[in-house]
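Report on the following structure.
Numbering (our numbering), first residue to last: 35 to 403.
Here's what the structure looks like:
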């Protein structure tokens, strides 16, 4: 039985806790994990969250989780700037690691994390749950079968509106210490899909923007926003595909949108995470009188939907993707092939993001490698 530690109990911390709790019931081929030790910024919060999430122990010091001999793997879901120190400590303590994206605010820190993972010999996986979607897996199968011929153009977008209100207060994601903004907070998710479906990005040119120059402080006054909520990127992939990447954290009306348009020589494929149980497929092989986008509804024959539901039309959700990701991680820990993005591959995503930021600073096309 795998002993689990959790550091951080916000949005993603709860997602990890749900996944660890549910994975054994959904996927009986893995042993049910043991929720051992939860860490937070103070003992009171840690105890409350441990009771809510079902962890046996709680500590107000994250190092207690890392040093617990009953913990085999740690879920790290703290804000980005804390990842490097904590991740390296976890790996040096001989624990496996499930770390939320992005790896770190700076590329040097991400490199140090990847080096620590390699030296430790432990599994260090990143929280790229969207690659686990049955819809994305089926899109990958369609591309492998060349249903739409040779792909020549990719458009991918990620938009949410949690920063769209100009009267919303300044918070930690507006600080430069958290990273560039939408580019590394958001763009890493679409880039995980690009990496999984198409491979590496070769060169980029990027522009970024701040819709609001400053924000109100809870204590009074205002503070300048140090990160960019909007990024627009042109890119060329190593396999020759041309692409665009657009991300926006201030897009009113968009709640959890990752929209993909894939254009090939014999058709196209569309997908939107806000309608995550649907794929749109257009193929020129259809007769002209019937040509048009058809809706493919994700169903039990789109694995691993069937592990959750025996019938089509009921639909999976965000937390279900996290449960699938948890299953893949446990499969990987068992020494079997698994669909994971580990630190070495994750470092290439980070490399791409930093190349985009460098392109913005230098106002030119930049080679990723």
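Note that beta-carbon positions come from the ideal geometry of N, C-alpha and C, so glycine has one too.
Quiz item: residue 96 and residue 73: beta carbons closer than 8 Å?
Solution: If you number the chain shown from 1, residue 96 lands on position 62. If you number the chain shown from 1, residue 73 lands on position 39. Yes, Cβ-Cβ distance for residue 96 and residue 73 is below 8 Å.
Self-check item: Of the residues 371, 57, 332, 223, the one placed nearest residue 354, counting alpha carbons only
Solution: By one-based count along the chain shown, residue 354 stands at place 320. The shortest Cα separation from residue 354 among 371, 57, 332, 223 belongs to 57.
Quiz item: Going straight from the alpha carbon of residue 331 to that of residue 342, what length do you get?
Solution: Residue mapping note: residue 331 aligns to position 297 of the chain shown, counting from 1. Residue mapping note: residue 342 aligns to position 308 of the chain shown, counting from 1. Taking the straight line from one Cα to the other gives about 15 Å.
Exercise. Inspect the CB distances between the region 112-130 and the region 38-49 and report whether three or more fall short of 8 Å.
Key: yes
Quiz prompt | Cβ-Cβ distance between residue 322 and residue 333 below 8 Å | solution = For the purposes of this step, residue 322 is taken as the residue at position 288 of the chain shown. For the purposes of this step, residue 333 is taken as the residue at position 299 of the chain shown. Not closer than 8 Å, so no.
Quiz item: In whole angstroms, what separates the C-alpha of residue 66 from that of residue 55?
Solution: Position 32 of the chain shown, counted from the first residue, corresponds to residue 66. Position 21 of the chain shown, counted from the first residue, corresponds to residue 55. Cα to Cα, the separation comes out at about 8 Å.
Self-check item: Three-state secondary structure assigned by DSSP to residue 188
Solution: Locating residue 188 in the chain shown gives position 154, counting from the first residue. Strand.
Quiz prompt | Coil, strand or helix - residue 335 by DSSP | solution = Position 301 of the chain shown holds residue 335. Reduced to three states, the DSSP call for residue 335 is coil.
Quiz item: Using the rule of at least 16 other Cβ atoms within 10 Å of the residue's Cβ for burial, across every protein chain shown, is residue 1 buried or exposed?
Solution: With the chain covering only 35 through 403, there is no way to say anything about residue 1.
Practice problem: Just mark residue 362 as buried or exposed, buried being the case when its beta carbon has 16 or more other beta carbons within 10 Å. | Solution: Here residue 362 corresponds to residue number 328 of the chain shown, with the count starting at 1. When all chains shown are included, residue 362 counts as buried.
Quiz prompt | Residue ranges of each alpha helix (DSSP H) within the region 142-213, 4 or longer | solution = 168-178
Self-check item: Bounding residues of the alpha helix (DSSP H) (the contiguous stretch that carries residue 289)
Solution: What you label residue 289 is simply residue 255 of the chain shown in a count that begins at 1. From DSSP, residue 289 is part of no alpha helix (DSSP H); its letter is neither H nor E.
Quiz prompt | Rounded separation between residue 102 and residue 35 - CA only | solution = Position 68 of the chain shown, counted from the start, is the residue given in the question as residue 102. Position 1 of the chain shown, counted from the start, is the residue given in the question as residue 35. Their Cα atoms are separated by approximately 15 Å.
Exercise. Ignore the nearest five residues each way along the sequence and tell me which others in residue 395's own chain have a CB closer than 6 Å to its CB.
Key: Along the chain shown, one-based indexing puts residue 395 at 361. Nothing listed; no residue qualifies.
Practice problem: Would you kindly check if the distance between the Cβ of residue 233 and the Cβ of residue 271 is under 8 Å? | Solution: Taking the chain shown and counting its residues from 1, one reaches residue 271 at position 237. Taking the chain shown and counting its residues from 1, one reaches residue 233 at position 199. The answer is yes: Cβ separation under 8 Å.
Practice problem: Could you tell me if residue 352 is buried or exposed, where buried requires 16 or more neighbouring beta carbons within 10 angstroms of its beta carbon? | Solution: Taking the chain shown and counting its residues from 1, the one referred to as residue 352 is at position 318. By the neighbour-count rule (16 or more Cβ atoms within 10 Å), residue 352 is not buried but exposed.
Practice problem: For the alpha helix (DSSP H) holding residue 22, just list the boundary residues, first then last. | Solution: Summary: the structure shown does not reach residue 22, with the chain confined to residues 35 through 403, and so no result is reported for it.
Quiz item: In angstroms, rounded to a whole number, what distance separates the CA positions of residue 89 and residue 200?
Solution: Here residue 89 refers to the residue found at position 55 of the chain shown. Here residue 200 refers to the residue found at position 166 of the chain shown. In a straight line, the C-alpha of residue 89 is about 39 Å away from that of residue 200.
Practice problem: For residue 242, write down the residues that DSSP places opposite it in a beta bridge. | Solution: The count along the chain shown starts at 1 and reaches residue 242 at position 208. The partner list for residue 242 (beta bridge, DSSP) reads 265.
Exercise. Excluding the 5 residues preceding and the 5 following residue 80 in the sequence, name in chain order all residues of the same chain whose CB lies nearer than 7 Å to its CB.
Key: As a first step, residue 80 must be located in the chain shown, where it is residue number 46. Result list for residue 80: 72, 73, 74, 92, 93, 94, in chain order.
Quiz item: Excluding sequence positions up to five away, which residues of its chain have a Cβ less than 8 Å from the Cβ of residue 99?
Solution: Numbered from 1 along the chain shown, position 65 holds the residue referred to as residue 99. Excluding sequence neighbours, residue 99 sits near 39, 40, 41, 71, 72, 73, 93, 105, 108.
Quiz item: Hey, residue 225 and residue 294 are a contact pair by Cβ (cut 8 Å); roughly how many whole angstroms apart?
Solution: Indexing the chain shown from 1 puts residue 225 at position 191. Indexing the chain shown from 1 puts residue 294 at position 260. Going by Cβ atoms, the distance from residue 225 to residue 294 rounds to 12 Å, so no, they are not a contact pair.
Quiz item: So, do the region 282-290 and the region 186-204 have three or more beta carbon pairs nearer to each other than 8 Å?
Solution: yes
Quiz item: At what residues does the beta strand (DSSP E) containing residue 256 begin and finish?
Solution: Walking along the chain shown from the start, residue 256 turns up at place 222. That run of the beta strand (DSSP E) goes 256-258.
Quiz item: With 16 as the cutoff for other CB atoms within 10 Å, does residue 34 come out buried or exposed?
Solution: Because the chain is modelled from 35 through 403, residue 34 falls outside the range shown and cannot be assessed.
Exercise. Please classify residue 52: does DSSP put it in a helix, a strand, or coil?
Key: The residue labelled residue 52 in the question sits at position 18 within the chain shown. Helix, per DSSP.
Practice problem: Using a threshold of 8 Å, state whether the C-beta atoms of residue 303 and residue 176 are closer than that. | Solution: For the purposes of this step, residue 303 is taken as the residue at position 269 of the chain shown. For the purposes of this step, residue 176 is taken as the residue at position 142 of the chain shown. Taking 8 Å as the Cβ cut-off, residue 303 and residue 176 qualify as a contacting pair.
Exercise. State whether the region 380-394 contacts the region 232-251, with contact taken as three or more CB pairs (one from each stretch) at a distance under 8 Å.
Key: yes
Quiz prompt | beta strand (DSSP E) runs contained entirely in the region 300-373, provided each spans 3 or more residues | solution = 301-306, 312-317, 328-331
Practice problem: Would you mind sorting residue 215 into buried or exposed? The rule is 16 or more other CB atoms within 10 Å of its CB. | Solution: Residue mapping note: residue 215 aligns to position 181 of the chain shown, counting from 1. The residue is buried, with at least 16 neighbouring Cβ atoms inside 10 Å.
Quiz item: Do you know offhand how far residue 167's Cα is from residue 255's?
Solution: Mapped onto the chain shown, residue 167 falls at position 133. Mapped onto the chain shown, residue 255 falls at position 221. Cα-Cα distance, rounded: 43 Å.
Quiz item: Quick one: what's got a C-beta closer than 7 Å to residue 246's C-beta in the same chain, skipping five residues either side?
Solution: The residue given as residue 246 occupies position 212 in the chain shown. These residues qualify, in order along the chain: 200, 259.
Exercise. Measure the CB-CB distance between residue 47 and residue 136 and report whether it falls below 8 Å.
Key: Locating residue 47 in the chain shown gives position 13, where the first residue counts as 1. Locating residue 136 in the chain shown gives position 102, where the first residue counts as 1. No, the Cβ-Cβ distance between residue 47 and residue 136 is not below 8 Å.
Quiz item: With residue 313 and residue 186 assumed to form a contact (beta carbons below 8 Å), what rounded beta-carbon distance in angstroms separates them?
Solution: Here residue 313 refers to the residue found at position 279 when the chain shown is read from its first residue. Here residue 186 refers to the residue found at position 152 when the chain shown is read from its first residue. The Cβ separation is near 19 Å, so there is no contact.
Quiz item: In whole angstroms, what separates the C-alpha of residue 86 from that of residue 78?
Solution: Numbered from its first residue, the chain shown carries residue 86 at position 52. Numbered from its first residue, the chain shown carries residue 78 at position 44. The straight-line gap from Cα to Cα measures roughly 13 Å.
Exercise. For residue 378, collect the residues of the same chain with a Cβ closer than 8 Å to its Cβ; drop the 5 residues on either side in sequence, then sort them by chain order.
Key: By 1-based counting over the chain shown, the position of residue 378 is 344. Excluding sequence neighbours, residue 378 sits near 148, 151, 152.
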